[in-house]
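Asker: Going by the working numbering, 52 is the number at position 11 of the sequence shown; the sequence numbering is gapless.
Glycine residues also receive a C-beta, built at the ideal position from the N, C-alpha and C atoms.
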Amino acid sequence: MSSYRDYYLSIVEGKKKEIDANIIRFILLPLSFIYSFFPFLKEKLYQTGILKSIKLDVPVISVGNLSWGGTGKTPAVIEISNILKKHSINHSIISRGYGSNSQKNRALIVSDRNKILEKPPLASDENYLLASKLSGIPIIQDRDRIRAGRLAVKEFETKAIILDDAYQHLKADRDVNILLWDSRVTPQKAYPIPAGTLRERISAVKRADAIILTKTNQKGSQYELCRNFFEKLCPDKRIFTASHKAVEIKENDNDDSEIQYDMESIKGKKTVGFCAIADCDSFKSTLEELGVEICQFFPFRDHHFFSEKDISILSNAFQKNKADFLITTEKDVSRCGSLLKKAGRVLYPVISFKINEEEEFEKFIISKISPLIS
C-alpha cells in the first residue's frame, strides 16, 4: 500500500487528528457534498416513483452498508443464511462479485446445491468464501441482481433471496433492508467520499428496516453512542449489535485440507501479519487479541491479488524476523491460498460473527420473510 494512500485513509477515517488533516478534510467537504448529491437524487427518484424498483417473485433480504467496506457483510450474510436454513427456507445468495474476473454480461453460478463450481479469480473472494461456508446454498455472482434473482428462482426453485452488498442497488426491490454500521465509527463525524468513507449521506440510514452495529467487542467501539444517534435519527428502526471474535486457528496445508490449532498454542509466537481487506486495522486488532507478537504487518488494498513480488516481500519478512508463521485472513486464503504458501507457513483465524440479540434477530428475520413465502 502506498504512503500517499495510507496518508489519505488516515485522514478520511479520522485517525489523523493534526491541524493539516483537519484542513484537508475541510477542503474536501464541498467535494463530498457534490459526490453525495447524485446518490441522494437517485434515492429521491426511486422514492417518488420516477424510477421504478423491480420486484422479484420471492421475498428479498438486502444486506449492505453506507461505507466503502469493512463492516462485516460477508459474516452477516452467513448468519442470515443459517437462520433461513434452520427454518428450512430454500434460498440463494446473490452478490455483485467485486474483485473478480468474471464477465459483465452473464451470471456466474459460484456454487449450486451440490458443489462449488467456480474459484477465484473468476469468483470473487467473498463469494468463494460464502460457497465454502454454506454447503448446499446456491451462490450467484452477477452485476445484474435482477437477472441473477430470476435465474435463482428458475434454476434452484428459490423461495427467498439474500442480496449481498445491495444497499445502494435500489433497482432491486427488497422486503427486508439491513444496514451494517461499524460501531467504531462515530456517525456524527462520518462524511461522504472524498472527505470521509461514506457512499451516501448519513440520512440514507432511514431506508433500513434494521441496523446492526458491528464489532462492538473490538477496541474503539462506541456502540452506545452509535445506538443513541440512530435512535434519534430513525426511532422506528430495529437496532441490533454484533461481535466479531476469532474462534479457531487453521493452517492452509494444501487446496483440500486444513490443520487446526488451539488458539492458546500461538500466544507469544512471532508472526508476520498481512491482509488485503477493506478494514486492515480490524484484522490487526484481532491479532493483538490473539496475543501473538507482530514483527511486521503488511496491509494491502481490498481484493488485492497477490503477485510473485508480494510473495517475495512476505517471504523475506518471514525469514528476516525468524517468525514462527505468517498470518492472514480467511478471505485472503480463499482467494490466494496456493500462492501464499510459497511465502512460508500461513495460518489464519476463523472469525465468528455473533448477533448479541440472537433470538430477537432470528424472530425479526423470520417474521418478515415467512408470510411472504408462497
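So does the segment 229–237 actually touch the segment 55–74, counting three or more Cβ pairs closer than 8 Å?
Answerer: yes
Asker: Between N131 and the rest of its own chain, which residues show a CB-CB distance below 7 Å, the 5 nearest in sequence each way excluded?
Answerer: E198, T199 and K200
Asker: May I ask you to report which of helix, strand or coil DSSP gives L355?
Answerer: helix
Asker: Nearest-angstrom Cα distance between G55 and D320?
Answerer: Taking the straight line from one Cα to the other gives about 14 Å.
Asker: Taking Cβ positions, are L355 and A287 nearer each other than 8 Å?
Answerer: In this structure, A287 does not lie closer than 8 Å to L355 by Cβ.
Asker: Judging by CA-CA distance, which residue of S136, S262, E289 and V118 is the nearest neighbour of A189?
Answerer: S136
Asker: Per DSSP, which residues does K286 bridge with? Please list them.
Answerer: DSSP, once it has assigned bridges, lists S393 as partnering K286.
Asker: Check M42 in the structure and name its three-state DSSP category.
Answerer: In this predicted model, M42 has a pLDDT of only 47, less than 50, meaning its place in the structure is not dependable; the value taken from the coordinates is given anyway. Correct three-state label for M42: coil.
Asker: Hey, L175 and I253 are a contact pair by Cβ (cut 8 Å); roughly how many whole angstroms apart?
Answerer: Not a contact, Cβ separation roughly 19 Å.
Asker: Do you know offhand how far F81's Cα is from Y87's?
Answerer: 10 Å
Asker: By the DSSP assignment, the beta strand (DSSP E) with I150 in it spans what residues?
Answerer: Here the beta strand (DSSP E) through I150 covers L149 to S152.
Asker: So the alpha helix (DSSP H) L328 belongs to, where does it begin and stop?
Answerer: C321 to L331
Asker: Select from K212, A249, R268 and V217 the residue whose C-alpha is nearest the C-alpha of P228.
Answerer: R268
Asker: Measure the Cβ-Cβ separation of S323 and Q259 and say whether it is below 8 Å.
Answerer: yes
Asker: How is E399 classed by DSSP in three states: helix, strand or coil?
Answerer: helix
Asker: Would you mind stating whether D205 and L413 have Cβ atoms separated by less than 8 Å?
Answerer: Against a cut-off of 8 Å, the Cβ pair of L413 and D205 comes out as no contact.
Asker: Would A358 and F341 qualify as a contact pair, given that the criterion is a beta-carbon distance under 8 Å?
Answerer: no
Asker: At a threshold of 7 Å, does E120 count as lining the ligand FAD (C-beta to nearest heavy atom)?
Answerer: Of the ligands one can find in the structure shown there are none, so the ligand FAD has no counterpart to examine.
Asker: For my contact list, V313 and L367 are in at a C-beta cut-off of 8 Å; report their separation, rounded to the angstrom.
Answerer: 5 Å
Asker: Assuming F405 and R279 form a contact by the criterion Cβ under 8 Å, report the distance between their Cβ atoms to the nearest whole angstrom.
Answerer: 6 Å
Asker: What first and last residue would you give for the alpha helix (DSSP H) that runs through G190?
Answerer: R186 to F197
Asker: Using 10 angstroms around the beta-carbon of S262, count the other beta-carbons present and answer buried if the total reaches 16, otherwise exposed.
Answerer: buried
Asker: Is the beta carbon of A213 sitting closer than 8 Å to the one on I95?
Answerer: yes
Asker: So is P276 buried or exposed if we call it buried at 16+ other beta carbons inside 10 Å?
Answerer: exposed
Asker: DSSP state of T115, grouped into three classes?
Answerer: helix
Asker: Hey, would you say S133 sits closer than 8 Å to P162, going by beta carbons?
Answerer: no
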